[in-house]
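Here is the structure we will look at, set down as structure tokens.
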Amino acid sequence: MLSLFPTKNSDPELAPFRPGLIFAFFNALAWQIGIGTPMVLFAEQLGASSLQVGLAYSFVFVLTPVQIVATALLPKYGFKAVMLGGWRMRSFFLGVPVVIAALAPFWGEQPWMIQALIWSVFLFCVFRSIGAASSNAWFYAILPEGVRGRYFASDQFVSAVGGVGTLLVCAALFALLPIYTALLVQYGIALAGSTGSYFALKQLPDAERPTAISLRTVARDTPRHLFAPSPFRTYVWLAVGCAVVVTPIPPFCAYYLKVGPKLSAGQIMLFEVARYLGVMAGAWIIRRRIDATGARPFFLIALGLYLVVGAYWLLFLKTHLGGAAGIFIAYFVLGLAAVTWAIANLNYLPKIVSAEERTLAVAVHGAVTATLGGFSPVLWGLLLRGGDIETGLNVAAFEWFFFCVMAGAVLLSWRMARIHEEKGEPADPIMIGNAILRPFRAMTYLANLVEPSAPKKDGEKETRG
Numbered sequence: 002m003l004s005l006f007p008t009k010n011s012d013p014e015l016a017p018f019r020p021g022l023i024f025a026f027f028n029a030l031a032w033q034i035g036i037g038t039p040m041v042l043f044a045e046q047l048g049a050s051s052l053q054v055g056l057a058y059s060f061v062f063v064l065t066p067v068q069i070v071a072t073a074l075l076p077k078y079g080f081k082a083v084m085l086g087g088w089r090m091r092s093f094f095l096g097v098p099v100v101i102a103a104l105a106p107f108w109g110e111q112p113w114m115i116q117a118l119i120w121s122v123f124l125f126c127v128f129r130s131i132g133a134a135s136s137n138a139w140f141y142a143i144l145p146e147g148v149r150g151r152y153f154a155s156d157q158f159v160s161a162v163g164g165v166g167t168l169l170v171c172a173a174l175f176a177l178l179p180i181y182t183a184l185l186v187q188y189g190i191a192l193a194g195s196t197g198s199y200f201a202l203k204q205l206p207d208a209e210r211p212t213a214i215s216l217r218t219v220a221r222d223t224p225r226h227l228f229a230p231s232p233f234r235t236y237v238w239l240a241v242g243c244a245v246v247v248t249p250i251p252p253f254c255a256y257y258l259k260v261g262p263k264l265s266a267g268q269i270m271l272f273e274v275a276r277y278l279g280v281m282a283g284a285w286i287i288r289r290r291i292d293a294t295g296a297r298p299f300f301l302i303a304l305g306l307y308l309v310v311g312a313y314w315l316l317f318l319k320t321h322l323g324g325a326a327g328i329f330i331a332y333f334v335l336g337l338a339a340v341t342w343a344i345a346n347l348n349y350l351p352k353i354v355s356a357e358e359r360t361l362a363v364a365v366h367g368a369v370t371a372t373l374g375g376f377s378p379v380l381w382g383l384l385l386r387g388g389d390i391e392t393g394l395n396v397a398a399f400e401w402f403f404f405c406v407m408a409g410a411v412l413l414s415w416r417m418a419r420i421h422e423e424k425g426e427p428a429d430p431i432m433i434g435n436a437i438l439r440p441f442r443a444m445t446y447l448a449n450l451v452e453p454s455a456p457k458k459d460g461e462k463e464t465r466g
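Heads up, the sequence shown is in the working numbering, so the first residue is 2 and it goes up one at a time.
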């Protein structure tokens, strides 16, 4: 594991920020389990309905406004204190699933366990949102300009190793151990990862307290960004539409595979590995080409891939086309689609907002897209309830869900093909670190009201916290 991280010999410029990369590694262990597919499978095992699963999955999105409000804490307490506070508090709520997983084999599944799990996810996401208000702005403030690109590339690599490694370990645990023993070990790993990420953060230098855009300014200018005619307004509502269409796909695919075909949790986790392999493959391919081609072709490719995913699942629900191999490929394509949209988004946004309004406009985009997209799993969870007595899932409604995915992809493609973009238009893409590896949650990291500070020059001395 040590070879993953820079040293004074391997990269003396990046070595002082080694704790940040250690943080990224351990943090991947926590979020992959705490708000990922293992959480969905845990909820289903306890007897949660599709509505309860959709609700738990949505919290990370719908709580994005908390992140906006928490930005107001930064000028008073500083980057480091806010993020450490959020990460410390969220770790406590990973202990709740540990207790539930320990008790369930002896007490059986109890209704209160589902409620406790959902509330623990809610509170985990509340404090994660508070900490996330600091994260990207803090790293930008302490990283010298000349190492930022290398740092964020290393961040993505380290997070990929931690994230995919966690998925493989979870798959193995589900295959080798009884379900609740496997979940107990997994949440123990998540708790250890969250704790490790907290202590890694403590080793990073603090930065000068920032100036944040006032909430009064946000309330005054947000309606103009969202409703006054502009390329930004056009794009942000298209992005909202895409988020509404695609956000429910991962949780309900996992839920269906568990209650419908009754695949094992280990098999479902291997499908998740396929999704992340798609994300990594897409990121490696797209980043080499997007500057030359522009973002618009990649938006259209992403929507085309979502159309393929929707069509496959619709056929699978009716005919079980392709079996496990087909599902594996569909998950891989889903990862490709998600990262293609995410990277195109981060390259396109700076082209349609002025430098003076970039901070607020990007924050508005992230908050509105994540929040409104996050309500979609809740609504579909309500519509998918009931139906088949054995599964507790309305399969006919699930077929309609994928029909809506296909229709949405077609309509968005028709409109996205007409957005304004000049290929030669210079604009620095937005970098949000390992959020590329979690493209379904990438928009939440854009909700930040900190005014960008003057770039730190190479060799400039850090302010230690």
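For glycine and all other residues, C-beta sits at the position ideal for the given N, C-alpha and C.
Among 14, 366, 375, the one whose alpha carbon lies nearest that of residue 222: 366
Cut-off 6 Å between Cβ atoms - residues of its own chain near residue 155, not counting five sequence neighbours on either side: 22
Out of curiosity, what's the CA-to-CA distance linking residue 115 and residue 101? 9 Å
So, under 8 Å CB-CB, residue 63 and residue 256 are touching, yes? Tell me the CB distance rounded to an integer number of Å. Not confirmed; about 19 Å, so no contact.
Does the contact criterion of 3 or more C-beta pairs under 8 Å hold for the segment 132-141 versus the segment 3-15? no
Between 174, 412, 143, 242, which has its C-alpha nearest residue 205's C-alpha? 143
Could you tell me which of 308, 351, 335, 400 sits nearest to residue 410, measuring between CA atoms? 308
Are the Cβ atoms of residue 253 and residue 385 separated by less than 8 Å? yes
For residue 394, name the three-state secondary structure that DSSP assigns. strand
If we require 4 or more residues per run, which alpha helix (DSSP H) segments fall completely within the segment 74-125? 75-78, 80-94, 96-108
Once DSSP output is grouped into helix, strand and coil, what is the label at residue 363? helix
Using C-beta distances below 7 Å, list every residue in its chain close to residue 103, excluding the 5 sequence neighbours before and after it, in chain order. 185
Helix, strand or coil: how does DSSP classify residue 451 here? strand
Flag this pair as yes or no: are the beta carbons of residue 337 and residue 306 separated by less than 8 Å? yes
Report yes or no: do three or more beta-carbon pairs, one from the segment 32-48 and one from the segment 162-177, lie closer than 8 Å? yes
Rounded C-alpha distance that separates residue 171 from residue 43: 12 Å
Closer than 7 Å by C-beta to residue 201: which residues in its own chain qualify, once you throw out the five before and the five after it? Chain order, please. 20, 23, 24, 27
Burial state of residue 51, where buried means 16 or more other Cβ atoms lie within 10 Å: buried
Option nearest residue 420 by Cα separation, candidates 250, 299, 87, 288: 299
Can you tell me whether residue 442 is helix, strand or coil according to DSSP? helix
Identify, in the order they occur along the chain, each residue of the same chain with its Cβ nearer than 7 Å to the Cβ of residue 45, setting aside the five sequence neighbours on each side. 54, 256, 259, 260
For residue 290, name the three-state secondary structure that DSSP assigns. coil
How big is the Cα-Cα spacing for residue 423 and residue 292? 11 Å
Residue 127 versus residue 150: straight-line alpha-carbon distance, rounded: 30 Å
Measure the CB-CB distance between residue 272 and residue 199 and report whether it falls below 8 Å. no
Report back the beta-carbon spacing between residue 191 and residue 30 to the nearest angstrom; my notes put them in contact at under 8 Å. 6 Å
Residue 370 and residue 244 - do their beta-carbons sit closer together than 8 Å? yes
According to DSSP, is residue 386 part of a helix, a strand, or is it coil? strand
From the DSSP output, in three-state form, read off residue 213 for me. strand
Distance, Cα to Cα, residue 157 vs residue 432? 11 Å
CA-to-CA distance, residue 412 to residue 368, given in whole angstroms: 23 Å
As assigned by DSSP and simplified to three states, the class of residue 156: helix
Kindly indicate which three-state DSSP category residue 432 falls into: helix, strand or coil? coil
Below 8 Å on the Cβ atoms is my contact criterion, and I expect residue 418 with residue 301 to pass it. Report the Cβ-Cβ distance as a whole number of Å. 6 Å
Between which two residues does the alpha helix (DSSP H) containing residue 9 stretch? Neither: residue 9 is in no alpha helix (DSSP H) and is coded neither H nor E.
Quick check: what's the CA-CA separation for residue 382 versus residue 446? 25 Å
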